[in-house]
Amino acid sequence: GEDVEQSLFLSVREGDSSVINCTYTDSSSTYLYWYKQEPGAGLQLLTYIFSNMDMKQDQRLTVLLNKKDKHLSLRIADTQTGDSAIYFCAELAGGFKTIFGAGTRLFVKA
Amino acid sequence: IAGITQAPTSQILAAGRRMTLRCTQDMRHNAMYWYRQDLGLGLRLIHYSNTAGTTGKGEVPDGYSVSRANTDDFPLTLASAVPSQTSVYFCASSDSGTGGKNEQFFGPGTRLTVL
Chain A
46 GEDVEQSLFL SVREGDSSVI NCTYTDSSST YLYWYKQEPG AGLQLLTYIF SNMDMKQDQR
106 LTVLLNKKDK HLSLRIADTQ TGDSAIYFCA ELAGGFKTIF GAGTRLFVKA
Chain B
3 IAGITQAPTS QILAAGRRMT LRCTQDMRHN AMYWYRQDLG LGLRLIHYSN TAGTTGKGEV
63 PDGYSVSRAN TDDFPLTLAS AVPSQTSVYF CASSDSGTGG KNEQFFGPGT RLTVL
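Listed in order, the protein sequences are those of chains A and B.
Each residue of the first sequence is one higher than the last, beginning at 46 in this note's numbering.
Each residue of the second sequence is one higher than the last, beginning at 3 in this note's numbering.
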């Protein structure tokens, strides 16, 4: 079945770049997503990439997609303390069902 | 309001009791979802609904039921709560039209503790 895997924790210093990695199994996924969850809140879509793209840049965020290896990454440039949150990788599988990873908790040290 | 609301915010429940978690959206989205979030396991889909009048089972449906009488409301019922249902429950909705990016919008969550 479909599965999305990501590491559980990442710690960076303020001002450094953060890179969060994810692997997925469904090669037919049309969209891949990064959702952000701040403490005590629901998830919010941060960015997404369509499966025919290799890269998407949005201000401090860069998404890289390697379809051959089924690998997705999110790079946050100049990481700030406000970026501390849980980041979920997800794939759109089977038309409307979204499969989420376990989430990577990003700690930003001042 | 704009978005998706859930009630209650939190609840402590005795095992064996029946409980309904409420979810309402005002975005006229056709699809709605219930997830539970547990540490280290991420989000797991409990039940979903593609459109009013239809529902489907997700990854962890046992012990839960849902209904979708109209577009806006998607209540989740625990018929007889057990301690393993202690979790944070999130409702979400999306416009799941063909070819769209199917962005899901999440409610603020309900923290449920079953003793």
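Yeah, the Cβ is synthetic: ideal placement off N, Cα and C, and Gly gets one too.
In this text, all values refer to a predicted model and were calculated from it rather than measured experimentally.
With distances taken Cα to Cα, identify the nearest neighbour of residue i among the options.
i	options	result
B:Tyr66	B:Met21, B:Gly99, B:Thr11	B:Met21
B:Asn32	B:Glu61, B:Val116, B:Leu45, B:Ser98	B:Ser98
B:Thr57	B:Asp64, B:Arg46, B:Phe76	B:Phe76
B:Arg19	B:Thr53, B:Leu80, B:Leu41, B:His49	B:Leu80
B:Leu117	B:Gln13, B:Gly44, B:Gln8, B:Asp74	B:Gln13
B:Gly60	A:Ile144, A:Ser56, A:Ser52	A:Ile144
B:Cys25	B:Ala17, B:Ile6, B:Asp40, B:Ser96	B:Ile6
A:Asn111	A:Lys142, A:Asn66, A:Gly87, A:Gln104	A:Asn66
B:Gln39	B:Arg70, B:Phe92, B:Asn52, B:Asn104	B:Phe92
A:Gln82	A:Asn97, A:Gly127, A:Ser73	A:Gly127
A:Ala135	B:Arg46, B:Leu23, B:Gln27	B:Arg46
Residue i to residue j, Cα distance in whole Å?
i	j	result
B:Ser86	B:Leu114	10 angstroms
B:Gln106	B:Tyr35	9 angstroms
A:Ser63	A:Arg120	5 angstroms
B:Tyr37	A:Ser118	24 angstroms
A:Val153	B:Gly44	21 angstroms
A:Ala130	B:Pro110	15 angstroms
B:Val84	B:Leu15	9 angstroms
B:Met29	B:Thr73	9 angstroms
A:Asp48	A:Gly146	7 angstroms
B:Gly42	A:Phe133	12 angstroms
A:Tyr80	B:Ala9	23 angstroms
A:Asp114	B:Ala17	45 angstroms
A:Gln102	B:Ser82	48 angstroms
A:Ala86	B:Phe108	9 angstroms
A:Leu137	B:Ala54	21 angstroms
B:Asn104	A:Gly139	12 angstroms
B:Pro63	B:His49	6 angstroms
A:Ser73	A:Arg58	36 angstroms
A:Phe141	B:Leu78	20 angstroms
A:Ser96	B:Gly102	13 angstroms
Give the C-beta separation of residue i and residue j to the nearest angstrom, bearing in mind that I take them to be a contact with Cβ-Cβ under 8 angstroms.
i	j	result
A:Thr75	A:Glu50	Between A:Glu50 and A:Thr75 the Cβ distance is about 20 angstroms, and since that is not below 8 angstroms, they are no contact.
A:Leu106	A:Ile94	The Cβ separation is near 11 angstroms, so there is no contact.
A:Ile99	A:Leu109	First, the amino acid is wrong: residue 99 of chain A is Asp here, not Ile. The pair is a contact, with the Cβ atoms about 7 angstroms apart (cut-off 8 angstroms).
A:Asp61	A:Thr124	6 angstroms
B:Thr112	B:Leu23	5 angstroms
Just list the beta strand (DSSP E) runs in the stretch 92-147 of chain A, keeping only unbroken ones of 3 residues or longer that don't cross its boundaries, in chain order. If we require 3 residues or more, the beta strand (DSSP E) runs fully inside the stretch 92-147 of chain A come out as 100-103, 106-111, 116-121, 130-138, 142-145.
Whole runs of the beta strand (DSSP E) within the stretch 13-46 of chain B, excluding any shorter than 3 residues: Counting whole runs of 3 or more residues, the stretch 13-46 of chain B contains the beta strand (DSSP E) stretches 21-27, 33-40.
Run through the stretch 44-77 of chain B for me and flag every whole beta strand (DSSP E) of 3 or more residues, listed as ranges in chain order. Taking only runs of at least 3 residues, the beta strand (DSSP E) segments lying wholly in the stretch 44-77 of chain B are 44-51, 66-68.
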